[in-house]
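Residue numbers (the numbering used here): 9 to 93.
Glycine included, C-beta positions come from ideal geometry on N, C-alpha and C.
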């Protein structure tokens, strides 16, 4: 049963979603086809939910994905150290 007493806050969080246009803008104005390609090529890329004809991406999942991608990249300085004689 929901707790409707005054002064008590619900522990539910409001989720934020990105539209296709917002997602494309987030990645520098990419095309609609770019979204299709990255979903095909990268199984870790978050999948959208569908509400009617709209595709929406969970903003928290996108942020987690971006952190994971950044963590997988090896900084150029480390590569230069490995190649140094």
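- Around the beta carbon of residue 20, a 10 Å sphere encloses fewer than 16 other beta carbons of the protein chains shown; the residue is thus reported as exposed.
- Out of 69, 77, 36, 28, the CA that lies nearest to the CA of residue 61 is found in 28.
- In the three-state reduction of the DSSP assignment, residue 31 falls in the helix class.
- Here residue 50 carries a coil assignment [DSSP, helix/strand/coil].
- Per DSSP, the unbroken beta strand (DSSP E) holding residue 63 starts and ends at 62–66.
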